Ligand SMILES: [Zn+2]
């Protein structure tokens, strides 16, 4: 059933394609050479033990990849460079790439589409230029933008979206955007409104690749519990029972720096300033010596201060290859796609497996069911906000809450605009009852983790 959706899209697009070719004449033979796509044809022009049961070998699929299929790559960093190269060499001829960053010299060891002369230029532009000049017939369109600056109409153009992001917030936003594009008929998703999302992620020697059919299979928010919140050591460990070199560095960073202000009042610790790191390093060494802890180094100090997890080129290569394979399978309908989550780990030896992440019945992003919030009427509004940010299944960042009270829409709290924050701050210490909220009340919540406003229902407990 999963492919029928892609197949349907494909058929309509193939018709568009034939019409278009008549107009443009297509790029057709001019940029092709004998045997150029033999490696791809082996997968598409003959059947085999692993082909999809409904697959009919033919030349149509390759033409679809070369001329029609539009793939959007989110991110042109470590994963993005690999994705663009893999897609272009797999026959995808129409690719868009979105990235808001510019190239830093520290990217060059693994983001191989960039050269020293490109430092300072937008990643999306340079990556697109590189692929366009190196892979004849492939056309990459760059977008030097934030994903949030592009709208529905933009995202709707694509057959498949691949994410190579390092931020969970951005991933969740993308997930929310694709969910917002779904069309429901009698509670059923209209399959033609589904744009598959292939999501790759890496962290050091660990990575994952997953296939998400929004509204059909588990979405990013369904499995939010799999992403642990940022590692923070408990304060008591840092302050009184350090066991690891990291604990000592955190002690200096969190407690000693603000107390001593070694570089003047109000000077914040800058992870890129070698003098700052040197100071933290020396203090951390002292602290470590007191507790007989070894392993504090300058490098580790900088890593902890900047929260760096080293990027590993080979992990990016593996995950991007896995993602591209899934894009290929979905675009051609020739093979059964991953169902739906692949885990890769080569920290110690090599370990990998797949599993089927399940949809969460009451997923706040994809279930269409308003999530209930259970609080006694005497709870302070602050507690509701804390729940929204701390609950492992919601993990919001700076929720803005509005409700209709006595027929009027009222902003209960909003953090991002200073004047409104100031005006609504007193609400935090008021009880739900004092705010005029009632049992069954709907709360509309906006947050950076999603482009849509989420609806919650307040349920009073006694
Ligand atoms: Zn979900």
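Numbering (this note's numbering), first residue to last: 20 to 481. Cβ coordinates follow ideal geometry from the N, Cα and C atoms, glycine included. Predicted model only: the values in this text are computed from it and were never measured.
1. For a test of the three-state rule: what should DSSP assign to residue 120, helix, strand or coil?
2. May I have the straight-line CA-CA distance separating residue 317 from residue 302, to the nearest angstrom?
3. Buried or exposed, going by whether 16 or more other CB atoms sit within 10 Å of the CB of residue 292?
4. Measure the C-alpha to C-alpha separation of residue 152 and residue 159 and round it to an integer number of angstroms.
5. Can you tell me the Cα-Cα spacing of residue 195 and residue 118, whole angstroms?
6. Would you call the region 88 to 101 in contact with the region 128 to 147, where contact means no fewer than 3 C-beta pairs closer than 8 Å?
7. Between the C-alpha atoms of residue 66 and residue 74, what's the straight-line distance to the nearest angstrom?
8. Taking only the alpha-carbon atoms, compute the straight-line gap between residue 4 and residue 403 and give it to the nearest angstrom.
9. Is any heavy atom of ligand 1 found at a distance shorter than 7 Å from the C-beta of residue 379?
10. Leaving out five residues on either side along the sequence, give the residues of the same chain with a beta carbon under 6 Å from the beta carbon of residue 408.
11. Would you grab the beta carbon distance between residue 425 and residue 459 for me? Rounded to a whole angstrom, and I think it's under 8 Å.
12. According to DSSP, is residue 468 part of a helix, a strand, or is it coil?
13. Run through the DSSP bridge pairs and tell me what residue 478 is partnered with.
14. Does at least one heavy atom of ligand 1 sit under 7 Å from the Cβ of residue 384?
15. Excluding the 5 residues preceding and the 5 following residue 62 in the sequence, name in chain order all residues of the same chain whose CB lies nearer than 7 Å to its CB.
16. Pick out whichever of 177, 328, 208 and 173 has its Cα sitting closest to the Cα of residue 220.
17. What does the Cβ neighbour count give for residue 269, buried or exposed, with the cut at 16 atoms within 10 Å?
18. In this structure, what does DSSP give as the bridge partners for residue 87?
19. When every heavy atom of ligand 1 is checked, does at least one fall within less than 7 Å of the C-beta of residue 182?
20. Output yes or no for whether 8 Å exceeds the beta carbon distance between residue 255 and residue 198.
21. What residue from 474, 363 and 182 has the CA that sits closest to residue 570's CA?
22. Within 10 angstroms of its Cβ, does residue 87 collect 16 or more other Cβ (buried), or is it exposed?
23. Let me check understanding here. Comparing Cα to Cα, which of 387, 298, 429 and 339 lies closest to residue 462?
24. Cβ atoms of residue 406 and residue 420: under 8 Å apart, would you say?
25. Leaving out the 5 sequence neighbours to the left and right, which residues in its chain are closer than 7 Å to residue 121 when beta-carbon positions are compared?
26. Are the CB atoms of residue 106 and residue 93 within a distance shorter than 8 Å?
27. On the three-pair Cβ rule with 8 Å, is the region 318 to 325 touching the region 333 to 349?
28. From this set, 417, 423 and 451, which residue's C-alpha is nearest residue 435's C-alpha?
29. Excluding the 5 residues preceding and the 5 following residue 310 in the sequence, name in chain order all residues of the same chain whose CB lies nearer than 6 Å to its CB.
30. Entirely within the region 302 to 343 and at least 4 residues each: give me those alpha helix (DSSP H) ranges in chain order.
31. Assign residue 450 to one of three DSSP states: helix, strand, or coil.
32. Are the CB atoms of residue 96 and residue 183 within a distance shorter than 8 Å?
33. Smallest Cα separation from residue 168: which of 181, 479, 470 and 263?
34. Is it true that the CB of residue 227 sits closer than 8 Å to the CB of residue 366?
35. State the DSSP-derived secondary structure class of residue 158, mapped to helix, strand or coil.
36. Tell me where the alpha helix (DSSP H) around residue 144 begins and ends.
Let me spell this out:
1. Taken through DSSP and simplified to helix, strand or coil, residue 120 comes out as coil.
2. Roughly 11 Å separates the two Cα atoms.
3. exposed
4. 10 Å
5. 18 Å
6. Cβ pair count under 8 Å is three or more, so yes.
7. 8 Å
8. Residue 4 is absent from the structure shown; the chain starts at 20 and stops at 481.
9. yes
10. 415
11. In fact, because the Cβ distance is near 15 Å, the residues do not count as touching under 8 Å.
12. coil
13. 393
14. Yes - ligand 1 has a heavy atom lying nearer than 7 Å to the Cβ of residue 384.
15. 353
16. 328
17. By the neighbour-count criterion, in which 16 or more other beta carbons inside 10 Å mark a residue as buried, residue 269 falls on the buried side.
18. Residue 87 pairs with nothing; no bridge assigned.
19. no
20. no
21. Since the first residue of the chain shown is 20 and the last is 481, residue 570 is not available in this structure.
22. buried
23. Taking the Cα of residue 462 as reference, the smallest distance to any Cα among 387, 298, 429 and 339 is reached at 429.
24. In this structure, residue 406 does not lie closer than 8 Å to residue 420 by Cβ.
25. 139, 140, 141 and 142
26. no
27. Using a Cβ-Cβ distance cut-off of 8 Å, the region 318 to 325 and the region 333 to 349 are not in contact, since fewer than three pairs of beta carbons, one from each stretch, lie closer than that value.
28. 417
29. Within the same chain, Cβ atoms closer than 6 Å to the Cβ of residue 310 are found at 261, the five residues on either side in sequence being excluded.
30. 317 to 325
31. Under the three-state reduction of DSSP, residue 450 is assigned to strand.
32. yes
33. 470
34. no
35. strand
36. Taken as a continuous stretch (DSSP letters only), the alpha helix (DSSP H) holding residue 144 covers 142 to 153.
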